[in-house]
Every structure is written in C-alpha cells, then in structure tokens.
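Sequences listed follow chains W and B, in order.
Take the first sequence: its position 40, counted from the start at 1, is 40 in the numbering used here, and no numbers get skipped.
Positions in the second sequence are counted from 1; adding 1000 to them yields the numbering used here.
A virtual CB, placed ideally from N, CA and C, is assigned to each residue, including glycine.
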Amino acid sequence: KNEVEQSPQNLTAQEGEFITINCSYSVGISALHWLQQHPGGGIVSLFMLSSGKKKHGRLIATINIQEKHSSLHITASHPRDSAVYICAVREGKLTFGTGTRLTIIP
Amino acid sequence: EAEVAQSPRYKITEKSQAVAFWCDPISGHATLYWYRQILGQGPELLVQFQDESVVDDSQLPKDRFSAERLKGVDSTLKIQPAELGDSAMYLCASAGGSAYEQYFGPGTRLTVT
C-alpha cells in the first residue's frame, strides 16, 4: 500500500506570502492529484499531474517522479486560500494524504 | 456547470439506527465512488462502481454497510446499525470515461450519538 505523507500538517501565514506544501509517497504511481477542501467538506480538484509542472493562476504544482515527491505552491497568498490541501496518488485507486491545513491571515 | 449531488448534507442519528445517503453523479459518468473521511484524515475509499457493478468494495464493512447503484446512475449508501465510530464525512465522487479526474460532491456529515 502506498504511504502518502504531507508536510506541514498545519501552516499559518500572512497574506501575500509564498506558500509551499509538500507531498511524498512510497510506491511508483501513474498520477498525483492536489485537492482543496473548504470547511463544510466539499473537495475541488486543483491539479492532476504525472510529470513536470502545472500552473493555474496563483497555484503551481510540481512533481519529481524519481524522488517520489510533489509540491504545491501558492503565490501572493490570500485569506480565501485558507483550506485543507490534500495530496492523493493513483496506482489503480486513489490513496489520500491526511491534508495540510492552511490559514492565511489578512 | 454539472455537479455531483449528495443528500442529506447533515445527518444526526442514534447508534443502532439505520441511515442512508444518496448520491447523483455528473450525467454520463460511469464511475462512482463512495469515500469516508474521518475528521483530521484523508478520504478512504469504501466502494467503487463501474456502471451498476461493484469494482472495489474491499474496505467496505459489509456486516453493516451496503451500497447499490441499481440503474448505473444514482447510488445509495446504507449503514445498519450505525455505530459511534461511523461519525464521519461521507463523500461521493464520479468520473467519466477513462478520465482519472474525480469530481466530488459536497458530502454528508454523519454524527452518531
């Protein structure tokens, strides 16, 4: 079974700061997902990637397949970015990390 | 934009009672997933359907949980009898074709007292 670890578990930052959330996994995968979960529970898919880098607005996701590691970056962070960010890896089915709770203070 | 619908959004029930959750996936999505998310943890797959067939229910506690998707469209997840440890968020997701991307519903938050 793939072990998915995220760091940090909790992150509090000031508005405008550059944010990095990390995800490591133990077994080779076909794809990695970054998801955002707001209070209330709904989950939104941010990125799905199997190599390299993807960018959407202020969000950037990178993956290093050899090192089994991915990062999610948020530039110019804003209070509305406050949420739980979850990394999930696919090898057949999805295995989820426990999430990183991000709080952006105005 | 098409969304996955779930109901109810919140449910409080006493232990030993029966409870049911409903999910309506995005139209045309053949794959449907039920996940359980305990507070502070990531979602855990309970059951995966491909059309009306169960593909994976290896983590479904079959002594008390059941899931069906009779016509390959909407789905129901049932717990009978509910236990205190079943308190969690129950998430439904769907995916279309060979796409890996899953679309999640808003979830049902279950509290068992």
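- With fewer than 16 other Cβ atoms inside 10 Å of its own Cβ, Ala1002 of chain B counts as exposed.
- Non-local beta-carbon contacts of Arg58 of chain W in its own chain, meaning distances under 7 Å to residues more than five positions away in sequence, involve Ile74, Thr75, Ala76 in chain order.
- In this structure, Gly1072 of chain B lies away from Leu1091 of chain B, with their beta-carbon atoms at least 8 Å apart.
- In this structure Val1019 of chain B is buried. Its beta-carbon is surrounded by 16 or more other beta-carbon atoms within 10 angstroms.
- Between Gln1006 of chain B and the set B:Leu1077, B:Gln1059, B:Lys1015, the nearest pair of CA atoms involves B:Leu1077.
- For Arg90 of chain W, the secondary structure class from DSSP, reduced to helix, strand or coil, is strand.
- The alpha carbon of Glu1014 of chain B has as its nearest neighbour, out of B:Val1055, B:Asp1086, B:Ala1095, B:Leu1039, the alpha carbon of B:Asp1086.
- Residue pairing for Gly52 of chain W: DSSP places it in a beta bridge opposite W:Ile63.
- By the criterion of at least three beta-carbon pairs nearer than 8 Å, the region 1063-1071 of chain B is not in contact with the region 98-105 of chain W.
- In the three-state reduction of the DSSP assignment, Arg101 of chain W falls in the strand class, which pools E and B.
- Within its own chain, the residues whose Cβ lies closer than 6 Å to the Cβ of Tyr25 of chain W, once the five positions on either side in sequence are excluded, are Asn2, Val4, Lys68, Val89, listed in chain order.
- Residue contact with chain B for Gly16 of chain W: absent (no Cβ-Cβ distance below 8 Å to any residue of chain B).
- If you look at Lys1078 of chain B, you'll find it in the beta strand (DSSP E) that goes 1075-1079.
- Interface criterion not met: the Cβ of Ile21 of chain W is under 8 Å from no Cβ in chain B.
- Judged by beta-carbon spacing, Ala13 of chain W lies beyond the 8 Å limit of Ile21 of chain W, meaning their Cβ atoms are not closer than that value.
- Between the region 93-100 of chain W and the region 39-58 of chain W there are fewer than three inter-stretch CB-CB distances shorter than 8 Å, so the stretches are not counted as touching.
- Under the three-state reduction of DSSP, Leu1070 of chain B is assigned to coil, being neither helix nor strand.
- In the displayed model, Asp1086 of chain B falls within a helix according to three-state DSSP.
- Between Val27 of chain W and the set W:Ile65, W:Thr100, W:His56, the nearest pair of CA atoms involves W:Ile65.
- Sequence-distant Cβ neighbours of Val44 of chain W in its own chain, meaning closer than 7 Å and more than five residues away, are Leu35, Gln36.
- One finds Gly41 in chain W with Cβ atoms closer than 8 Å to the Cβ of Arg1109 of chain B, taken in chain order.
- At a C-beta separation below 8 Å, Ser45 of chain W has these neighbours in chain B: Glu1101, Gln1102, Tyr1103, Phe1104.
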